[in-house]
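Let me begin by presenting the structure, written as structure tokens, before commenting on it.
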Amino acid sequence: MEKTSLEPDSSIVFKPVLKANAEAILKVAQGSLLVLDRELRIISGNKDFYIHSHLSPKVIEKQFLRDVFTYEMGFEQLLHTIITGKKQSDSSTIILNNLSVKKQFDISIGRLDLEAGEILLLINFKNSSTGPLTGSKRTFTKGLNDILSHAPAAICTLRGPKHIFELANERYINLVGKTNILGKEVRQVLPEVENQSFFEILDKVYSTGNPFVGNEIPIKLDVGEEEPRLSYLDFVYHPTRSSGGEVDGIFVHAIDVTEQVLARKKVEESEKQLRTFINTAPVILWLTNKDGYSPFLNKNWMDYTGQSEQQVKNYGWLDAIHPNDKERAETSFIEANRNRQSYRTTYRLLTKAGNYRWMIARGVPNYTSDGTYKGMIGTVVDVHEDKIKEQLLREKEHRIRSIVEEATVATALYTGREMKIELANDAMIQLWGKDRSVVGKTLREALPELEGQPFYGLLDKVFTTGETYWGKEDRVELNIENELKSGYFSFTYKPLRNEKGQIYGILNMALDVSEMVESKNLLKESESRFRQMADLMPEKVAKSDVNGEPIYFNQNWIQYSGLSFEELKIHGVMDLIHPEEKEEFVRRWNASLATGNRFEMEFRCRNAEGKYKWHLSRGEAMRNEDGIINRWIATTTEIQKIKEEEKRKEDFLKMVSHELKTPVTSIKGYVQLLLSLLNNSKTTDISSLPLKPSLERIDHQIVRLTRLISEMLDLSRLEENKLELRKETFNLNKLVDQTVQDITYTNTQHEIEVFHDFNCNIHADKDRIGQVLINFVTNAIKYSPENRKVEIYIREIEKGFVNVCVKDRGIGIEEKDHKRIFKRFYRVGTKSEETYSGFGIGLYLAKEIIHRHEGSITVKSKLGKGSEFGFNLSVAAKDQES
Ligand code: ADP
Numbered sequence: 000m001e002k003t004s005l006e007p008d009s010s011i012v013f014k015p016v017l018k019a020n021a022e023a024i025l026k027v028a029q030g031s032l033l034v035l036d037r038e039l040r041i042i043s044g045n046k047d048f049y050i051h052s053h054l055s056p057k058v059i060e061k062q063f064l065r066d067v068f069t070y071e072m073g074f075e076q077l078l079h080t081i082i083t084g085k086k087q088s089d090s091s092t093i094i095l096n097n098l099s100v101k102k103q104f105d106i107s108i109g110r111l112d113l114e115a116g117e118i119l120l121l122i123n124f125k126n127s128s129t130g131p132l133t134g135s136k137r138t139f140t141k142g143l144n145d146i147l148s149h150a151p152a153a154i155c156t157l158r159g160p161k162h163i164f165e166l167a168n169e170r171y172i173n174l175v176g177k178t179n180i181l182g183k184e185v186r187q188v189l190p191e192v193e194n195q196s197f198f199e200i201l202d203k204v205y206s207t208g209n210p211f212v213g214n215e216i217p218i219k220l221d222v223g224e225e226e227p228r229l230s231y232l233d234f235v236y237h238p239t240r241s242s243g244g245e246v247d248g249i250f251v252h253a254i255d256v257t258e259q260v261l262a263r264k265k266v267e268e269s270e271k272q273l274r275t276f277i278n279t280a281p282v283i284l285w286l287t288n289k290d291g292y293s294p295f296l297n298k299n300w301m302d303y304t305g306q307s308e309q310q311v312k313n314y315g316w317l318d319a320i321h322p323n324d325k326e327r328a329e330t331s332f333i334e335a336n337r338n339r340q341s342y343r344t345t346y347r348l349l350t351k352a353g354n355y356r357w358m359i360a361r362g363v364p365n366y367t368s369d370g371t372y373k374g375m376i377g378t379v380v381d382v383h384e385d386k387i388k389e390q391l392l393r394e395k396e397h398r399i400r401s402i403v404e405e406a407t408v409a410t411a412l413y414t415g416r417e418m419k420i421e422l423a424n425d426a427m428i429q430l431w432g433k434d435r436s437v438v439g440k441t442l443r444e445a446l447p448e449l450e451g452q453p454f455y456g457l458l459d460k461v462f463t464t465g466e467t468y469w470g471k472e473d474r475v476e477l478n479i480e481n482e483l484k485s486g487y488f489s490f491t492y493k494p495l496r497n498e499k500g501q502i503y504g505i506l507n508m509a510l511d512v513s514e515m516v517e518s519k520n521l522l523k524e525s526e527s528r529f530r531q532m533a534d535l536m537p538e539k540v541a542k543s544d545v546n547g548e549p550i551y552f553n554q555n556w557i558q559y560s561g562l563s564f565e566e567l568k569i570h571g572v573m574d575l576i577h578p579e580e581k582e583e584f585v586r587r588w589n590a591s592l593a594t595g596n597r598f599e600m601e602f603r604c605r606n607a608e609g610k611y612k613w614h615l616s617r618g619e620a621m622r623n624e625d626g627i628i629n630r631w632i633a634t635t636t637e638i639q640k641i642k643e644e645e646k647r648k649e650d651f652l653k654m655v656s657h658e659l660k661t662p663v664t665s666i667k668g669y670v671q672l673l674l675s676l677l678n679n680s681k682t683t684d685i686s687s688l689p690l691k692p693s694l695e696r697i698d699h700q701i702v703r704l705t706r707l708i709s710e711m712l713d714l715s716r717l718e719e720n721k722l723e724l725r726k727e728t729f730n731l732n733k734l735v736d737q738t739v740q741d742i743t744y745t746n747t748q749h750e751i752e753v754f755h756d757f758n759c760n761i762h763a764d765k766d767r768i769g770q771v772l773i774n775f776v777t778n779a780i781k782y783s784p785e786n787r788k789v790e791i792y793i794r795e796i797e798k799g800f801v802n803v804c805v806k807d808r809g810i811g812i813e814e815k816d817h818k819r820i821f822k823r824f825y826r827v828g829t830k831s832e833e834t835y836s837g838f839g840i841g842l843y844l845a846k847e848i849i850h851r852h853e854g855s856i857t858v859k860s861k862l863g864k865g866s867e868f869g870f871n872l873s874v875a876a877k878d879q880e881s
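Just so you know, the sequence shown maps onto residues 0 to 881 in numbering that gives the first Met the number 0.
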């Protein structure tokens with residue numbers, strides 16, 4: 000075999016069709032590839048080939064294959080069968096043997112038919128082992144088809160200005176969806192592409208010789224389906240040139256990126272949708288990358304803050320936050336991002352309008368589906384109103400707290416329907432009689448003694464209805480130091496509402512009014528006691544206002560006057576006053592009303608029966624704390640009896656003077672008479688003078704005088720309680736006899752008979768009992784001027800008791816006077832007063848004496864029929880025994 004120089008023959012020029020196709024193939028070929036013409040001259044190799052063979056294009060291009068490689072004799076034969084078309088492809092081995100390398104390659108050979116009978120031989124180097132040469136049966140065609148069919152791209156070559164298909168691989172055929180395209184014009188094969196600007200680009204590449212690279216260019220191809228198919232292509236239109244350098248075709252290399260584009264478009268679409276959503280969402284949304292930088296903050300942020308998208312970047316959003324909140328906002332976000340934790344913070348954000356509003360920012364870590372941390376995602380929400388409300392509420396609560404704590408009024412705050420004691424000031428705790436431990440408990444736990452009292456029910460009602468309850472002087476029983484004590488309280492239960500207007504608790508303020516209520520009750524009590532007393536009092540009590548208008552009359556007034564309260568009120572007491580005193584009454588009463596001075600007057604007042612009785616009335620002004628008169632209170636006492644007694648006293652005095660005057664005048668007369676008789680009869684015999692009767696008269700008068708004087712002495716003694724009894728035991732019958740004897744001595748006109756039915760001794764004051772007897776007998780004589788028979792009976796009325804009774808047949812005494820005659824100075828009737836001399840104290844003394852002997856006085860009398868006066872006494876002990 001002839002070996003030629005390795006210098007390439009520069010005169011050799013490959014036909015453009017060979018050259019262009021070779022270049023296009025080499026560009027897309029996988030593995031090591033060498034392209035030859037039909038003379039077995041090397042046109043070119045691809046990058047892979049040159050790397051593996053350590054050959055350079057300069058050295059081998061335009062060389063014959065046999066000048067570069069060593070191969071067996073039969074190899075050229077094999078190549079000829081392929082070139083002549085007897086075989087499409089085959090495989091073999093060849094050896095590269097040069098200065099730097101000795102390598103054996105497995106190769107496959109194939110023939111590529113080009114237009115106008117031109118062919119290219121393609122040698123694909125399968126390996127680069129240096130092992131022993133071994134044969135391989137793989138054919139070249141197979142290899143070439145492999146190259147083209149395995150190429151990831153759709154490839155074709157177009158020839159001439161009309162872009163006639165010269166070569167197309169299967170992917171290309173599939174892409175365009177047409178068959179039998181080789182040798183046909185592009186416009187003919189793909190009429191649907193007209194107006195999709197591809198033909199224009201092809202024309203331009205062809206005419207300018209500048210390649211065109213298209214990225215993701217959509218193309219609609221009629222693939223025999225209903226609708227033309229939309230595909231996206233990354234493609235190259237590369238011009239091929241003839242040996243003269245003229246553009247003679249276009250190599251088309253296209254990659255179908257439809258799926259990719261559609262997928263991306265889908266993502267883009269959904270992202271676009273998301274963005275629109277995010278931008279239209281009513282909140283601020285943000286995303287950060289894993290370093291915390293914001294690649295995204297939705298439009299709301301910009302609208303809100305007026306910041307531009309540029310300003311927001313690289314933590315620029317922090318500039319819109321209130322200086323006082325900025326650090327907190329920043330650190331909380333950085334912390335959360337570093338720890339990949341969710342976070343929540345509040346801050347004031349400067350709005351476009353220039354004012355700060357409270358915002359709440361929340362964020363959560365954002366992961367991809369495969370769990371890679373992408374950054375944070377979150378929201379920023381305006382909570383200004385809520386925050387302000389919360390602040391106000393907190394302030395309000397603070398205010399309530401301080402009100403409660405500082406209030407001097409007992410104050411407590413209960414929350415919830417269960418009435419938990421949230422707050423209670425010292426005053427309230429003291430009022431409850433508890434200690435601080437009650438705070439936090441429910442009212443039922445703290446004050447169980449309220450069970451059964453109305454307060455739990457009241458509180459529940461306030462909680463339900465929201466209506467404040469005012470307690471006025473309500474009675475509360477509280478357990479204070481283990482003792483149930485009652486007090487009176489004025490208090491309020493006021494519902495407390497939250498910002499939504501719901502009731503969450505009750506404010507209780509209480510005032511201890513126990514003292515006030517108790518004193519009021521006392522006042523009421525004393526008032527009613529006063530009325531009771533006023534009614535019980537013998538006095539007539541009346542009250543009037545400051546002008547003298549009557550406002551009250553006690554029962555006595557009503558009873559006495561026989562008028563109703565209303566009648567009394569209308570007419571007053573004035574109408575009842577005796578005409579003689581009326582004028583004076585009016586004068587004095589008005590004077591008192593005018594001056595406030597005490598009113599005092601005696602007057603006669605008409606009773607229910609129309610009779611006037613003497614009364615003493617006293618009126619006092621009652622003043623309030625300031626000394627101003629607000630009431631008059633008048634007591635009116637009946638003094639009729641006193642008046643009568645007074646009158647009797649007056650009469651008595653008149654009488655005493657009269658009574659004393661009579662015996663003294665009489666004694667004086669007799670003494671003067673006797674003296675004159677004696678003076679005139681110095682010579683006369685005394686015995687002839689009427690001495691005896693005169694002296695008897697004088698004696699009688701002296702006895703009378705003595706009695707009068709001793710009675711008066713006894714009276715004063717009795718009044719001063721100085722009447723002493725000198726008791727002795729003596730025979731009563733003897734005393735009676737003696738007394739009668741003494742009396743008959745001076746009273747000769749009356750016949751006194753004593754009946755000793757019973758004889759006994761008594762232990763008593765003999766003189767005093769004698770005095771009683773004298774009084775009874777002298778009265779019997781005095782008041783029986785007509786029938787002069789007096790009888791005295793001494794009888795045993797029952798065992799141990801003696802009765803002495805003096806009976807006359809005189810004037811007698813009316814029944815109604817039976818009691819009165821024993822009173823001091825009382826004498827029956829006016830007539831007898833003048834007719835019969837006397838003081839009216841004899842019977843009074845008799846009664847007192849007998850009472851002091853534990854005895855009793857009896858009287859039986861009928862007017863005009865005579866009287867029986869007697870006394871009962873116990874007999875002396877000795878007598879009783881006998
Ligand atoms: P006097 O000094 O007036 O007799 P007394 O106290 O002894 O006082 O009696 C009181 C009055 O009782 C008398 O004034 C008289 O009216 C009445 N009296 C007493 N004794 C009799 C009697 N035996 N018969 C009628 N009247 C009598």
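Every residue, glycine too, gets a C-beta built ideally from N, C-alpha and C.
Sequence-distant residues of the same chain with beta carbon closer than 6 angstroms to residue i, five excluded per side
i      : result
Thr287 : Ser293, Gly374, Met375
Lys386 : Trp357
Ile697 : Ile666, Tyr669
Val246 : Tyr205, Gly208, Pro238, Arg240
Nearest-angstrom Cα separation, counted from residue j out to residue i
i      : j      : result
Tyr792 : Tyr744 : 20 angstroms
Leu862 : Met600 : 40 angstroms
Gln671 : Arg794 : 48 angstroms
Glu193 : Gly244 : 29 angstroms
Ile50  : Gln272 : 50 angstroms
Arg137 : Asp89  : Unreliable placement is indicated for Arg137, whose pLDDT of 36 sits below 50; no coordinate value is reported for it.
Thr636 : Lys568 : 19 angstroms
Gly362 : Lys460 : 45 angstroms
His570 : Phe584 : 15 angstroms
Arg158 : Asn214 : 23 angstroms
Trp556 : Glu579 : 21 angstroms
Leu506 : Ile283 : 42 angstroms
Val739 : Thr747 : 11 angstroms
Ser128 : Glu71  : With a pLDDT of 43 at Ser128, under the threshold of 50, the modelled position of that residue is not reliable, and the figure given next carries that caveat. Spanning the two alpha carbons is a distance of roughly 18 angstroms.
Val874 : Ala763 : 9 angstroms
Gly142 : Ile93  : Unreliable positioning characterises Gly142 in this predicted model, as indicated by a pLDDT of 47, which lies under 50. A coordinate reading is not provided.
Asn760 : Gly841 : 25 angstroms
Lys471 : Leu391 : 33 angstroms
Close beta carbons around residue i, own chain, < 7 angstroms, minus the five adjacent residues each side
i      : result
Ile367 : Strictly speaking, residue 367 in this sequence is Thr, with Ile absent from that position. Contacts found: Lys373.
Ile550 : Lys542, Ser543, Asp544
Gly130 : Annotation note: pLDDT 36 at Gly130 (below 50); position unreliable, coordinate value reported separately. Excluding positions up to five away in sequence, the list reads Gln103.
Ser513 : Gly486, Tyr487
Pro891 : Not covered by the structure: residue 891. The range shown for the chain is 0 to 881.
Arg819 : Tyr825
Close beta carbons around residue i, own chain, < 8 angstroms, minus the five adjacent residues each side
i      : result
His252 : Ala23, Lys26, Val27, Ala152, Ala153, Ile154, Phe234, Val235, His237
Problem set entry | At least three beta-carbon pairs within less than 8 angstroms, the segment 705-721 to the segment 747-762 | no
Exercise. Is the segment 793-804 touching the segment 624-634, taking contact as three or more C-beta pairs under 8 angstroms?
Worked result: no
Exercise. Whole beta strand (DSSP E) runs in the segment 405-479 with 3 or more residues, listed along the chain?
Worked result: 409-414, 419-423, 468-479
For this session: Evaluate the contact criterion for the segment 303-315 versus the segment 350-368: three or more CB pairs, one atom per stretch, below 8 angstroms.
Result: yes
Problem set entry | Every unbroken alpha helix (DSSP H) inside the segment 163-245 [4 residues or more] | 169-175, 185-188, 197-207
Problem set entry | Cβ contact (3+ pairs, closer than 8 angstroms) linking the segment 170-183 and the segment 221-234 | yes
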